[in-house]
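Chemist:
There are 2 protein chains.
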Amino acid sequence: MDEVAGAVADRVRREILLMLRDGPLTAGQIADRFAISRPAVSRHLRVLREAGLVSDAADGRHRVYALVTAPIEELMGWLAELTRPSAWQHRFDALETEVYRTRRERRTAAGPDRSEEKTA
Amino acid sequence: MDEVAGAVADRVRREILLMLRDGPLTAGQIADRFAISRPAVSRHLRVLREAGLVSDAADGRHRVYALVTAPIEELMGWLAELTRPSAWQHRFDALETEVYRTRRERRTAAGPDRSEEKTA
DNA sequence: CGGAAGCGTAACACGTCGGTTACGCGTCAG
DNA sequence: CTGACGCGTAACCGACGTGTTACGCTTCCG
Chain S
1 MDEVAGAVAD RVRREILLML RDGPLTAGQI ADRFAISRPA VSRHLRVLRE
51 AGLVSDAADG RHRVYALVTA PIEELMGWLA ELTRPSAWQH RFDALETEVY
101 RTRRERRTAA GPDRSEEKTA
Chain C
1 MDEVAGAVAD RVRREILLML RDGPLTAGQI ADRFAISRPA VSRHLRVLRE
51 AGLVSDAADG RHRVYALVTA PIEELMGWLA ELTRPSAWQH RFDALETEVY
101 RTRRERRTAA GPDRSEEKTA
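Taken in order, these protein sequences are the chains called S and C. Each residue of the first sequence is one higher than the one before, counting from 1 in my numbering. Each residue of the second sequence is one higher than the one before, counting from 1 in my numbering.
1. So for residue 2 of chain S, helix, strand or coil by DSSP?
2. Within the same chain, show all residues whose beta-carbon is closer than 8 Å to that of residue 42 of chain S, passing over the 5 residues directly before and after it, in chain order.
3. Say whether the segment 10 to 26 of chain S touches the segment 35 to 50 of chain S, bearing in mind that this needs 3 or more beta-carbon pairs closer than 8 Å, one atom from each stretch.
4. Which ranges would you report for the alpha helix (DSSP H) in the segment 15 to 50 of chain S if only whole runs of at least 4 residues count?
5. Does residue 12 of chain S have its Cβ less than 9 Å from a Cβ in chain C?
6. Look at the alpha carbon of residue 15 of chain C and the alpha carbon of residue 34 of chain C, and state the distance between them as a whole number of angstroms.
7. Mind listing the chain C neighbours of residue 6 of chain S? Cutoff is C-beta to C-beta under 8 Å, in chain order.
8. What did DSSP end up calling residue 70 of chain S once you bin it into helix, strand or coil?
9. Determine whether the beta carbon atoms of residue 67 of chain C and residue 24 of chain C lie at a separation below 9 Å.
10. Note the first and the last residue of the continuous beta strand (DSSP E) segment covering residue 9 of chain C.
11. Under 7 Å Cβ to Cβ from residue 71 of chain C, same chain only, skipping five residues before and after it: list those, please.
12. Output, in chain order, the set of chain S residues within a Cβ distance shorter than 7 Å of residue 58 of chain C.
13. Going by CA-CA distance only, name the one from S/13, S/1, S/60 that's closest to residue 82 of chain C.
14. Count the other CB atoms within 10 Å of the CB of residue 58 of chain S; is the residue buried (16 or more) or exposed (fewer)?
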């Protein structure tokens, strides 16, 4: 998943994925759409391949790339969990608890310091 | 969105977002959870802030960070579009078309190797 | 065959990223 | 007021990513 997020985090690679959404394309067709050199595009394709976001198939002297959506959905699943609150419907009560916890920790480690009662 | 994807593409930052899912935390509390130095965490928080993924609020000498889910949903929206087929329900028939077109282009050999005219 | 087309890799330059230590500035406590 | 605490920033450095050009391998066509 690290690789998937990293792959999507690049503008060129996102553009490639968008192109591939409309159907498979050869490496040359993809490269033609960018101002950068073909080797650069080739390496972008390599990143996408290693992230599992595209599949490649040799066809004569062409190499055809196709979009693979499975890793995308996996990433979407992770993101969806973020938007789902876990054990925190009590508004900001948890903040108070956390601050208190840290204070206790620090006290045991550093010494006398009963300070920030301010909480929130 | 570039920034959002880039922010999520880092392991430490993803962990921070997960921590924040359970409620706001101070910078110190976040930093305590990692083996890296606090300045390093501070910069991760800066990246998250500039991506709009967290909100920060000064509270005394503490700084409280909270998760902001809006950009996440935006990224999810972009990813969802990838999984949606656009004008291509004919399985891999398009592949054949693309390869054929490319071959023809080369055969004409007039020079211009523009390919992307068929999708558009 | 032999040469051109298609594509990937190798080697290299360079900006960016993520880490560290040193420091500054505001805030709370005594 | 003074000193400790919390946190961010500055300066620096090694690693990685992205771009380039040069090259090699495979495939097609005349």
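Note that beta-carbon positions come from the ideal geometry of N, C-alpha and C, so glycine has one too.
Modeler: The answer reads as follows:
1. Here residue 2 of chain S corresponds to residue number 2 of the first sequence, with the count starting at 1. Residue state, collapsed to three classes: helix.
2. Locating residue 42 of chain S in the first sequence gives position 42, counting from the first residue. Once the five neighbours on either side are set aside, the close Cβ partners of residue 42 of chain S are 27, 31.
3. Output reads yes: the segment 35 to 50 of chain S touches the segment 10 to 26 of chain S.
4. 27 to 32, 38 to 50
5. Stepping through the first sequence from its first residue, residue 12 of chain S is reached at position 12. With 9 Å as the cut-off, residue 12 of chain S does not count as an interface residue toward chain C.
6. The residue labelled residue 15 of chain C in the question sits at position 15 within the second sequence. The residue labelled residue 34 of chain C in the question sits at position 34 within the second sequence. Looking at the two C-alpha atoms, the distance is approximately 9 Å.
7. Taking the first sequence and counting its residues from 1, one reaches residue 6 of chain S at position 6. Under the 8 Å cutoff, chain C gives 9.
8. Taking the first residue of the first sequence as 1, we reach residue 70 of chain S at position 70. In this structure, residue 70 of chain S counts as helix in the three-state DSSP scheme.
9. Here residue 67 of chain C is taken as the residue at index 67 of the second sequence, counted from 1. Here residue 24 of chain C is taken as the residue at index 24 of the second sequence, counted from 1. Closer than 9 Å, so yes.
10. For the purposes of this step, residue 9 of chain C is identified with residue 9 of the second sequence, where counting begins at 1. Unbroken run through residue 9 of chain C: none, as it is neither H nor E.
11. Looking up residue 71 of chain C in the second sequence gives position 71. Excluding sequence neighbours, residue 71 of chain C sits near 4, 51, 52, 53.
12. Here residue 58 of chain C corresponds to residue number 58 of the second sequence, with the count starting at 1. The premise fails here: residue 58 of chain C is roughly 11 Å from chain S at the closest Cβ pair, so nothing lies under 7 Å.
13. On the second sequence, residue 82 of chain C is found 82 positions in, with the first residue counted as 1. Comparing Cα-Cα distances from residue 82 of chain C to each of S/13, S/1, S/60, the minimum goes to S/13.
14. By one-based count along the first sequence, residue 58 of chain S stands at place 58. It counts as exposed.
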